Amino acid sequence: MDFLNALVALSNFVLIPAIAYGSQLALGALGVTLIYGILRFSNFAHGDTMAFGAMVTILFTWWFQSMGLSIHPLPTALLALPFGIVVTAMLLILTDRTVYRFYRRVKAKPIVFVMASMGVMFIMNGVVRFIIGPGDQRFADGERFIIKARDFKNATGLSEGLAFKTSQGITIVTAIIVVAVLFWFLNRTRTGKSMRAFSDNEDLALLSGINPERVVMITWIIVAALITIAGTLYGLDKTFKPFTYFQLLLPIFASAIVGGLGNPLGAIAGGFVIAFSEVTITYAWKKVAVYLLPESLEPTGLVQLMSTDYKFAVSFVILIVVLLFKPTGLFKGQSV
Amino acid sequence: MIVIEDVHKHFGGFRAVDGATLTIQDQSITGLIGPNGAGKTTLFNVIAGVLKPTSGRITMAGEDITGLPPHELFHKGLLRTFQIAHEFGSMTCRENLMMVPGGQSGERLWDTWFGRKRIADEERALKAKADEVLEFLTISHISNLRAGEISGGQKKLLELGRTMMVDAKIVFLDEVGAGVNRTLLYTIADAIKRLNEERGYTFVVIEHDMDFIEKICDPVICMAEGKVLAEGTLAEIKANEQVIEAYLGTGLKNKKEDA
């Protein structure tokens, strides 16, 4: 019984949140890695573009809610998601036309692109705060739980409850679908292959008659989809606040780099590595320990390795450790 | 016919191509020789649109193609290969070849989802074509290997195969023979000759191997210091004093005149 209770506590506070968070990071990191693979720069505007995508989705959600449109028990945000993706894709293509295309034409160094993307980041940052404000926004509706803690306790008779939030369930399911479609797209379709060809060897792709502008445009569209989905899921699961998306930039980049920049499979693995490290290191293990250890050994403290304030430091440490031993990431990524 | 008129390509103060003027006749196999650093590869890059010329004009069949990007030149039938073989390392040899005629309907996002029938037909035709090319080059056995894992010589053949995936009008080969053994070199030479005779391809070949040049090239152009030094049949070139001085060497005499 104690063991089962420990397992439930572990699932409730570590496994489920980490898997959900990992899925969100993986989707974000996939975007970073695609941009790095195709356009060959680290896009610093990623976090704020995520905020933009989520913001557009929220605006549509509010609109739908005001019209009484609903897909109960699922959150209305899912209905608004495609609209968010379309608007974000248009914004990204517009950004590419006005900013990045110029630097591609003059064959600028990657660092110039990175600096340009920082400029884009600040603008995006401002735009989002200008439109929706810097504060918390609520847009989640529909059923809040798939499994409620109390129902679980009643059904199983365990003293520990297991709560499985709808947002977590949706996050996990959506991430699986999105990743499956993305990999099918990259590996099986001609468009995906031309993207991979472009990432493998740009010169050769050009000399094979592949239109670079089209590859770039398709990349931005896919990135817009990934980023809007990731941003909306994160907002549903936690809360929407523009600044948290800017902060997400660090774990997202850590995920992409740990997995191997430019490698989509690595981005997913990296997302989960970072998420699990962050959650396990900042979790107070007392509850689980109390169930598992004999009474005499029960801890008096919280058994928390680090305060949650330090959770962003965890990504950094993981990043450094992995890069020390595998400089190209867990999966072989591209080197610059 | 490609006409190159007074093309310059300068990198800072360095004049890699310094006023090259030459004409490439249709259906010829032109050999381009010259010492290292003569500007042969740079000239290729300028013609193929990888580099923009500092000045000068390039026309193809009377049409100005100066400074067009590579993928547009490709669709006009102008192809090139690289001195160091390039490949899409993560794809199989067959997929490498099938990538070639860029701009298929499968590359449009819309068609990926809503034009599946058309794409399937195109892919089938491409696959048949790729298999035919692999057969022609006697490398059918590596069609399912990843291109990153095959040998250097096989990569060279794959490069040549890439040019055979479309009806190329003119192909620029940059040292196809470098790092390739004799037998394979002659396979490549035969393939070039057959493509020239059977399909009417025009070739421009950079090569250092004189046997190879002798076997397939006419005329031969010798470049040095960014300029065209001499042009003619191989015999004429071999007899040319300046060429001997700059490139072929006498083997005995060690003439030192002003360059």
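Those sequence lines, one after another, are chains A and B. Note that the UniProt record's numbering numbers the first sequence so that position 128 is 128, with each residue one more than the last. Note that the UniProt record's numbering numbers the second sequence so that position 66 is 66, with each residue one more than the last. Glycine included, every Cβ here is placed at the ideal spot set by N, Cα and C. Every value quoted in this text rests on a predicted model; they were computed, and no experiment measured them.
query                                                                                                                                                                          : result
Hey, Phe164 (chain A) and Leu250 (chain A): beta-carbon distance below 8 Å or not?                                                                                             : no
Just the C-alpha distance for Glu127 (chain B) and Val46 (chain B), rounded to the nearest angstrom, thanks.                                                                   : It should be noted that the sequence gives Lys, not Glu, for residue 127 (chain B). Distance between the alpha carbons of Lys127 (chain B) and Val46 (chain B): 32 Å.
Are Asn201 (chain A) and His86 (chain B) touching if we call contact CB-CB under 8 Å?                                                                                          : yes
Considering Cα atoms alone, identify which of B:Val220, B:Met98, B:Asn196, B:Ile170 is closest to Glu207 (chain B).                                                            : B:Val220
So, helix, strand or coil for residue 341 (chain A), using DSSP?                                                                                                               : Limits of chain A in this structure are 1 at one end and 336 at the other, which puts residue 341 (chain A) out of reach.
At the level of alpha carbons, what is the spacing between Arg188 (chain A) and Gly232 (chain B)?                                                                              : 50 Å
Val120 (chain A) by DSSP, collapsed to three states: which one?                                                                                                                : helix
So for Leu137 (chain B), helix, strand or coil by DSSP?                                                                                                                        : coil
If you drop the 5 nearest sequence neighbours on each side, which residues of the same chain put their C-beta closer than 6 Å to that of Thr66 (chain B)?                      : Arg57, Ile58
Please report whether the beta-carbon of Thr112 (chain B) lies at a distance below 8 Å from any beta-carbon of chain A.                                                        : yes
Check whether the Cβ of Glu231 (chain B) lies closer than 8 Å to any Cβ atom in chain A.                                                                                       : no
Between B:Ile139, B:Leu109, B:Pro69, B:Asn181, which has its C-alpha nearest Lys107 (chain A)'s C-alpha?                                                                       : B:Pro69
Mind the definition here: the stretch 132-146 of chain A touches the stretch 69-82 of chain A only if three or more C-beta pairs lie below 8 Å; say whether that holds.        : yes
What's the gap between the Cα of Val17 (chain B) and the Cα of Ala38 (chain B)?                                                                                                : 8 Å
Is the stretch 225-233 of chain A touching the stretch 80-92 of chain A in the sense that three or more CB pairs, one from each, lie closer than 8 Å?                          : yes
Quick one: is Glu149 (chain B) buried, meaning 16 or more other Cβ sit within 10 Å of its Cβ, or exposed?                                                                      : exposed
Helix, strand or coil: which one does DSSP assign to Cys217 (chain B)?                                                                                                         : coil
Quick one: list the residues of chain A neighbouring Ile170 (chain B), beta-carbon separation under 8 Å, in chain order.                                                       : The premise fails here: Ile170 (chain B) is roughly 13 Å from chain A at the closest Cβ pair, so nothing lies under 8 Å.
Under 8 Å between C-beta atoms, does Ala180 (chain A) make it to chain B?                                                                                                      : no
Please decide whether Val204 (chain B) counts as near chain A, where near means a Cβ-Cβ distance under 8 Å.                                                                    : no
Would you mind sorting Thr191 (chain A) into buried or exposed? The rule is 16 or more other CB atoms within 10 Å of its CB.                                                   : buried
By the criterion of Cβ-Cβ separation under 8 Å, what are the contact partners of Gly48 (chain B) in chain A?                                                                   : The question names Gly, yet the displayed sequence has Ala at residue 48 (chain B). Leu207, listed in chain order.
How many whole angstroms separate the CB atoms of Val321 (chain A) and Ile281 (chain A), which I take to be in contact at a CB cut-off of 8 Å?                                 : That belief does not hold up - the Cβ atoms of Val321 (chain A) and Ile281 (chain A) are roughly 13 Å apart, past 8 Å.
At a Cβ threshold of 8 Å, is His75 (chain B) touching chain A?                                                                                                                 : yes
Just list the beta strand (DSSP E) runs in the stretch 115-202 of chain A, keeping only unbroken ones of 3 residues or longer that don't cross its boundaries, in chain order. : 145-147
Would you kindly work out how many angstroms separate the C-alpha atoms of Leu109 (chain B) and Val215 (chain A), rounded to a whole number?                                   : 10 Å
Per DSSP, Lys227 (chain B) forms a beta bridge with which residues?                                                                                                            : B:Ala224
Answer with yes or no whether the minimum CB distance from Ala108 (chain A) to chain B is below 8 Å.                                                                           : no
What does Lys193 (chain A) reach in chain B if we use C-beta pairs closer than 9 Å?                                                                                            : Phe88, Met91, Glu95, Met98, Met99, Gly106, Glu107
How many angstroms separate the CA atom of Ala259 (chain B) from the CA atom of Val243 (chain B)?                                                                              : Model confidence at Ala259 (chain B) stands at a pLDDT of 41, short of 50, so the residue's coordinates are unreliable; what they give is reported in the following sentence. So the alpha carbons of these two residues sit roughly 12 Å apart.
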